[in-house]
Amino acid sequence: GDSVTQMEGPVTLSEEAFLTINCTYTATGYPSLFWYVQYPGEGLQLLLKATKADDKGSNKGFEATYRKETTSFHLEKGSVQVSDSAVYFCALSDWLSSNDYKLSFGAGTTVTVRA
Amino acid sequence: DSGVTQTPKHLITATGQRVTLRCSPRSGDLSVYWYQQSLDQGLQFLIQYYNGEERAKGNILERFSAQQFPDLHSELNLSSLELGDSALYFCASSVDRVTEQYFGPGTRLTVT
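Top to bottom, those sequences are chains A and B. 1389 is the number of the first residue of the first sequence in our numbering; add one for each residue after it. 18 is the number of the first residue of the second sequence in our numbering; add one for each residue after it.
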């Protein structure tokens, strides 16, 4: 089935550093791609999404571009803050039928930002 | 706050017991999904309901069952619990079957 592979962590950065988390996918069709974030002790929050090739999703200073040619959806932020410390999950829409999908997640990348 | 609520937040029970996890979707959302997050398996899709009807099953054990009620809330029933069922169980909802899913805060189940 469709799957996502994301870079292993943990990743530790200093405040104001540049963050990149690599994500690649394998899919038979044309999935939508998502980044979810899980802050300590909380549930998953949708961070951004892209629904077709070359779409760029962005939110809270984070960006990711849907690259069909490299089957990638890397997450980037130019200047991280301590409050960005969390686990980040890359996910894709794995279609179960023409009208139903499940999310298939990567393993998650733990990011710690130090002051 | 996603608008999806889950109760209880924590649940501790013994092996062999049965528990029920509850989820209320965002207002207006018709589709409900259940996921399990464990250290060894990561995030796995369990089951999906849409407007009261089961739509898809994933890696859900036969000991587990779910339903969605007319008011659209959903319950996940876990029976004959084993130590390996200890995990975070998330509910997610979406307006329909194709738009993005919003997650609740999860229920942490500990089986002792």
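The beta carbon of each residue, even a glycine, is placed where N, CA and C say it ideally should be. Keep in mind it's a predicted model, so treat the numbers as computed, not measured.
Give the straight-line distance between the Cα atoms of residue i and residue j, rounded to the nearest whole angstrom.
{"i": "residue 80 of chain B", "j": "residue 37 of chain B", "result": "12 angstroms"}
{"i": "residue 56 of chain B", "j": "residue 68 of chain B", "result": "31 angstroms"}
{"i": "residue 1449 of chain A", "j": "residue 24 of chain B", "result": "32 angstroms"}
{"i": "residue 1416 of chain A", "j": "residue 1480 of chain A", "result": "12 angstroms"}
{"i": "residue 65 of chain B", "j": "residue 1404 of chain A", "result": "40 angstroms"}
{"i": "residue 100 of chain B", "j": "residue 1423 of chain A", "result": "31 angstroms"}
{"i": "residue 1483 of chain A", "j": "residue 58 of chain B", "result": "20 angstroms"}
{"i": "residue 1494 of chain A", "j": "residue 33 of chain B", "result": "31 angstroms"}
{"i": "residue 97 of chain B", "j": "residue 123 of chain B", "result": "21 angstroms"}
{"i": "residue 103 of chain B", "j": "residue 53 of chain B", "result": "10 angstroms"}
{"i": "residue 49 of chain B", "j": "residue 82 of chain B", "result": "14 angstroms"}
{"i": "residue 112 of chain B", "j": "residue 43 of chain B", "result": "8 angstroms"}
{"i": "residue 1401 of chain A", "j": "residue 1476 of chain A", "result": "14 angstroms"}
{"i": "residue 1472 of chain A", "j": "residue 1409 of chain A", "result": "13 angstroms"}
{"i": "residue 1446 of chain A", "j": "residue 35 of chain B", "result": "42 angstroms"}
Going by the beta-carbon positions, is the gap between residue i and residue j smaller than 7 angstroms?
{"i": "residue 1467 of chain A", "j": "residue 1392 of chain A", "result": "no"}
{"i": "residue 117 of chain B", "j": "residue 1440 of chain A", "result": "no"}
{"i": "residue 1426 of chain A", "j": "residue 1478 of chain A", "result": "no"}
At which residues does the beta strand (DSSP E) containing residue i begin and terminate?
{"i": "residue 1464 of chain A", "result": "1463 to 1465"}
{"i": "residue 125 of chain B", "result": "124 to 128"}
{"i": "residue 76 of chain B", "result": "Counting along the chain, residue 76 of chain B falls outside any beta strand (DSSP E), and DSSP gives it neither H nor E."}
{"i": "residue 1499 of chain A", "result": "1497 to 1502"}
{"i": "residue 39 of chain B", "result": "36 to 41"}
{"i": "residue 1444 of chain A", "result": "1444 to 1447"}
{"i": "residue 1489 of chain A", "result": "1489 to 1493"}
{"i": "residue 1399 of chain A", "result": "1399 to 1402"}
{"i": "residue 1469 of chain A", "result": "From DSSP, residue 1469 of chain A is part of no beta strand (DSSP E); its letter is neither H nor E."}
{"i": "residue 24 of chain B", "result": "22 to 24"}
Going by alpha carbons, who is nearest to residue i out of the options?
{"i": "residue 1502 of chain A", "options": "A/1442, A/1454, A/1460, A/1407", "result": "A/1407"}
{"i": "residue 1442 of chain A", "options": "A/1390, A/1455, A/1497", "result": "A/1455"}
{"i": "residue 1429 of chain A", "options": "B/128, B/110, B/26", "result": "B/26"}
{"i": "residue 1458 of chain A", "options": "A/1399, A/1396, A/1413", "result": "A/1413"}
{"i": "residue 127 of chain B", "options": "B/18, B/20, B/108, B/30", "result": "B/30"}
Could you please give me the residues that DSSP links to residue i through a beta bridge?
{"i": "residue 84 of chain B", "result": "B/92"}
{"i": "residue 54 of chain B", "result": "B/60, B/105"}
{"i": "residue 1590 of chain A", "result": "Outside the modelled stretch of chain A, which goes from 1389 to 1503, sits residue 1590 of chain A, for which no answer is possible."}
{"i": "residue 1437 of chain A", "result": "A/1422"}
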